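In my numbering, the protein residues as written are -18 to 679.
Glycine is no exception: its CB is placed at the ideal position from the N, C-alpha and C atoms.
Please read these numbers as outputs of a predicted model, since none were measured by experiment.
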Amino acid sequence: MGPSGRHVRYLTLAMVAGPAVAMAQGDPNAAPTIARVEVSPKSIMLTVGDSIQVTARAVDATGKEVPATVSFSTTADGVAGSQLTTPFRGVVGVVYSRESGWLRATRAGEFALVVTARVPAPPAPSSGFPNTTAPRRGGVTTRVPVTVRTPPITNVAILGDRMRLFVGSVLTLDARATDARGAVWDDAPLTWQSSNPAVAAVDKSGEVTAVAPGSVTISVRSGEARGAVTYAIVPSPVRRIALKASATAARTGDVIRLTAEAYDGAGRRVADAPIAFSVASAVEDTVIAQFAPAEVDQRGRFVAQKGGRHTVFATTPGAVGRVTLTIRPRDVAERVTVVGRAPLTDKMTTDLYVWTARDGRDYMITGTFNAGGQAYFYDVTDPANQILLDSVVVDARTVNDVYVDDTGTICIIAREGASTRRNGIVLVDCSDPRRPKVISSFEDGLTGGVHNVNYWNKRVFAISNTTRYDIINIEDPAKPYRESFVELETPGHAIHDVWVVDGLAYSSWWKDGVVIHDVGNGKYGGTPSKPVHVASYAYPLGTTHAAYPYRSPTGKFYVIAGDEIFPYGVNFNPGGTPPRAGGYAHIIDFSDPRRPEEVARYEVPEAGAHNFWVEGDRLYASFYNGGLRVVDLSGELKGNLYYQNREIAAFLPMDPKGMIANAPFTTGPQLHKGHIFFADAFTGIWAVKLEPRRPPVP
-18 MGPSGRHVRY
-8 LTLAMVAGPA
2 VAMAQGDPNA
12 APTIARVEVS
22 PKSIMLTVGD
32 SIQVTARAVD
42 ATGKEVPATV
52 SFSTTADGVA
62 GSQLTTPFRG
72 VVGVVYSRES
82 GWLRATRAGE
92 FALVVTARVP
102 APPAPSSGFP
112 NTTAPRRGGV
122 TTRVPVTVRT
132 PPITNVAILG
142 DRMRLFVGSV
152 LTLDARATDA
162 RGAVWDDAPL
172 TWQSSNPAVA
182 AVDKSGEVTA
192 VAPGSVTISV
202 RSGEARGAVT
212 YAIVPSPVRR
222 IALKASATAA
232 RTGDVIRLTA
242 EAYDGAGRRV
252 ADAPIAFSVA
262 SAVEDTVIAQ
272 FAPAEVDQRG
282 RFVAQKGGRH
292 TVFATTPGAV
302 GRVTLTIRPR
312 DVAERVTVVG
322 RAPLTDKMTT
332 DLYVWTARDG
342 RDYMITGTFN
352 AGGQAYFYDV
362 TDPANQILLD
372 SVVVDARTVN
382 DVYVDDTGTI
392 CIIAREGAST
402 RRNGIVLVDC
412 SDPRRPKVIS
422 SFEDGLTGGV
432 HNVNYWNKRV
442 FAISNTTRYD
452 IINIEDPAKP
462 YRESFVELET
472 PGHAIHDVWV
482 VDGLAYSSWW
492 KDGVVIHDVG
502 NGKYGGTPSK
512 PVHVASYAYP
522 LGTTHAAYPY
532 RSPTGKFYVI
542 AGDEIFPYGV
552 NFNPGGTPPR
562 AGGYAHIIDF
572 SDPRRPEEVA
582 RYEVPEAGAH
592 NFWVEGDRLY
602 ASFYNGGLRV
612 VDLSGELKGN
622 LYYQNREIAA
632 FLPMDPKGMI
642 ANAPFTTGPQ
652 LHKGHIFFAD
662 AFTGIWAVKL
672 EPRRPPVP
């Protein structure tokens, strides 16, 4: 594994296309035609850690340059590289670099750099905004082969501190291989060896089996680097294991904690006895190839996915302990009732925000995708009768995200795809949601597009061109200004979302995972003008898209992080094949910020996570083609919540008149006064309510 610590192959592409290089000759209204894209160099050879600047230009059939927008991406096992800008050099008054393509190699392999040139669509008639309905003209793509070599491993070390092993015990070793820069390579080739297999043997995966008393050295090699550790193998003194459970009866999804202690023949405790937990289950099982009915980890945490009798074993050389647990099915399902809708089927709905205004009535704002910068205001006081009041149109292709401050008077609109290439945010006076008025806009440094925003304590947290988030002070909404920004130093970093609660910002950085900063909480010394890093956690998929914090009544503090993966591509064309997403919700225990641990997941088969909302002990999740999902988060969380019957409700919004007929594509949920409002890209806004299931009719 490369310095990123991921198993996914990728390159990092930090780039922004430069401005058009030449004007078309002849008729100024004639559409220029791109014949080819000339790229230099034509092939690329790098070692991990190296970077190179790639240049490209679009030319017509005669070799003349064509005014075009050039974009860069990479292919690596189906994962596209990031399209990023160079970092800011200051806070105020700085400009993005318009250089065309810095390529940095972060993982070995064979890849392709994809270079695409397009002639932008002209402005719509009688409008300064881009014509989102006109096709892009003259799109031409070329690929440049890229070979990335692995740097040599200079050091390899065996991890762990156990120096004594009992005869008959098994220990799986881990090794850390690093290059000259100190970068860790988890996929470096390793060769294991035992100095005396008659005392202890080791297999090719690093699993050591203690065979007989004696001393043995286990070594590992990677290239020319070598590490070794010596173990004393002794007879096991253990004669008894005392195994206790925190409960012997529970529901599916409930976590039972097991403690095991080993004792010798004289009744003395053996503190360093290696104890392994396992489970055998007796459940109703009439289906071949079922999922695992229960699991127990090596810290003694047990959880069942199916009801029945589950026997947990604690073993060590010389003794076995056991305890039987009785598990009943979880029963939390409720009925979904559709209360009302605000249909929108001729364009795609993006995000929504519902709030109570000063007049005591409830309102909602929604954004739109590729629809010319429209945001709609509704009166949703009666969710069964959602009334469109007004709209605000800003210079943008897409209004992806919207938010309303805690006073209910300032609406924040995120802009992407502005005709001037100056995007940023727009602040709207919504003290009277029936007559919203634009107050100001903030564009400085946000020209690359703002995909998502969040709000806390008179600050807007705005995603800046996928590279960072800016903290913008709106105490005076007519004069917003940047206080600071947060950006990672890792190669190829890219951010998608940020959510702020109690002065802690939970940001989602794709391959870099969830990152938490103190931006005003103060516990870790952070302020809006000087954020302080608190903790981070990244998982191997490298697809962290959104994160939401949840403080459990158990005392546990979780962050729920969702993936965004489209394994089959994305189609938004009316009448086309409905898109299908992948990925799931990762539940990460951040109770100890220094040692975050991924403990559970919520995964909907054949669907992918998008955004979350947590209230009480319930998760409200949008799962794209899997619709709206409501999940029971009560108690300690572990294992796969989907198979534990923790799903309270599921609802797929179907509409034969949808932009793509009967194709759910749910993107954003919010609970408001007992109703669940959620946005569906192809059908608009829905409001539903949950009710207890009715008892069966006798």
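- Just tell me which of Pro298, Tyr344, Arg280 has its CA closest to the CA of Asp363. Tyr344
- Rounded C-alpha distance that separates Ser489 from Val496: 7 Å
- Message: For Asp184 and Ala164, what's the separation of their Cα atoms in angstroms?
- Response: 26 Å
- Query: Under the rule that 16 or more other beta-carbon atoms within 10 Å means buried, what is Gly248, buried or exposed?
  - Reply: exposed
- Query: Of all the beta strand (DSSP E) runs that stay within the bounds of the stretch 527 to 602, which reach a length of 3 or more residues?
  - Reply: 538 to 544, 566 to 570, 578 to 583, 593 to 596
- Using 10 angstroms around the beta-carbon of Gly693, count the other beta-carbons present and answer buried if the total reaches 16, otherwise exposed. Because residue 693 is not part of the residues shown, which for the chain are -18 to 679, the question remains open.
- Where the beta strand (DSSP E) containing Ser488 begins and where it ends: 485 to 489
- Taking all protein chains shown into account, do 16 or more other C-beta atoms lie within 10 angstroms of the C-beta of Ser21, making it buried, or fewer, making it exposed? exposed
- Is it right to say Ile452 is buried, meaning 16 or more other beta carbons lie within 10 angstroms of its own, or is it exposed? buried
- Message: Here's a check: name, in chain order, each residue in its chain whose Cβ is nearer than 8 Å to the Cβ of Leu239, leaving out the five neighbours to either side.
- Response: Leu224, Lys225, Ala226, Ser227, Phe258, Val277, Gly281, Arg282, Phe283, Val293, Ala295, Val304
- Message: Here's the rule I'm using: 16 or more other beta-carbon atoms within 10 Å means buried, otherwise exposed. How should Pro170 be labelled?
- Response: exposed
- Return the Cβ separation of His591 and Ala527 in integer angstroms, given the expectation that the two are a contact with Cβ distance under 8 Å. 7 Å
- In angstroms, rounded to a whole number, what distance separates the CA positions of Asp168 and Leu325? 49 Å
- Message: Quick check on Val380 - is its C-beta less than 7 Å from some C-beta in chain C?
- Response: Absent from the structure is chain C; it holds one protein chain and no more.
- Item | Complete beta strand (DSSP E) runs within the stretch 189 to 247 (minimum length 3 residues, chain order) | 195 to 203, 206 to 215, 219 to 226, 230 to 232, 237 to 245
- Item | Residue from Ala191, Ser150, Gly149, Ser200 with nearest C-alpha to Asn136 | Ser200
- Message: Taking the beta carbon of Glu545 as the centre, do at least 16 other beta carbons fall within 10 Å, making it buried, or is it exposed?
- Response: buried
- Query: How is the beta strand (DSSP E) around Thr297 delimited, first residue to last?
  - Reply: 289 to 297
- Residue range of the beta strand (DSSP E) that includes Phe658: 656 to 661
- In the DSSP assignment, find the unbroken beta strand (DSSP E) run with Asp636 in it and report its ends. It is not in any beta strand (DSSP E) - Asp636 carries neither H nor E in the DSSP assignment.
- Query: To which residues of the same chain is His432 closer than 6 Å at the C-beta, ignoring the five residues directly before and after it?
  - Reply: Asn381, Ile444
- Item | His474 to Ser517 span [Cα, whole Å] | 14 Å
- Item | Of the listed residues Thr525, Val540, Val197, nearest to Gly563 (C-alpha basis) | Thr525
- Task: Give the single residue among Arg232, Ala519, Ala630, Val551 whose Cα lies nearest to the Cα of Gly289.
- Result: Arg232
- Count the C-beta pairs between the stretch 332 to 346 and the stretch 304 to 322 that are closer than 8 Å, then say yes if the count reaches three, no if not. no
- Short check: CB of Asn435 to CB of Val481, under 7 Å? yes
- Indicate whether Val197 and Ser176 have their beta-carbon atoms separated by less than 7 Å. yes
- Message: Output needed for Arg610: all residues of its chain with C-beta closer than 6 Å, excluding positions within five of it in sequence on either side, in chain order.
- Response: Ala602, Phe604, Ala631
- Separation of Glu468 from Thr448, as counted between CA atoms: 7 Å
- Ends of the beta strand (DSSP E) at Leu609? 609 to 613
- Item | Beta-carbon proximity of Leu152 to Val189, cut-off 7 Å | yes
- Message: If you measure between the beta carbons of Thr471 and Asp493, is that distance less than 7 Å?
- Response: yes
- Item | Val144 (DSSP reduced to helix, strand or coil) | Here the sequence assigns Met to residue 144, which means Val is not the residue at that position. Three-state result, Met144: coil.
- Which residue or residues does DSSP assign as beta-bridge partners of Val129? Leu27, Gly90
- How many whole angstroms separate the CB atoms of Glu587 and Arg561, which I take to be in contact at a CB cut-off of 8 Å? 7 Å
- Task: Report all residues from its chain with a CB closer than 8 Å to the CB of Lys460; omit the five preceding and five following residues, and keep chain order.
- Result: Ser421
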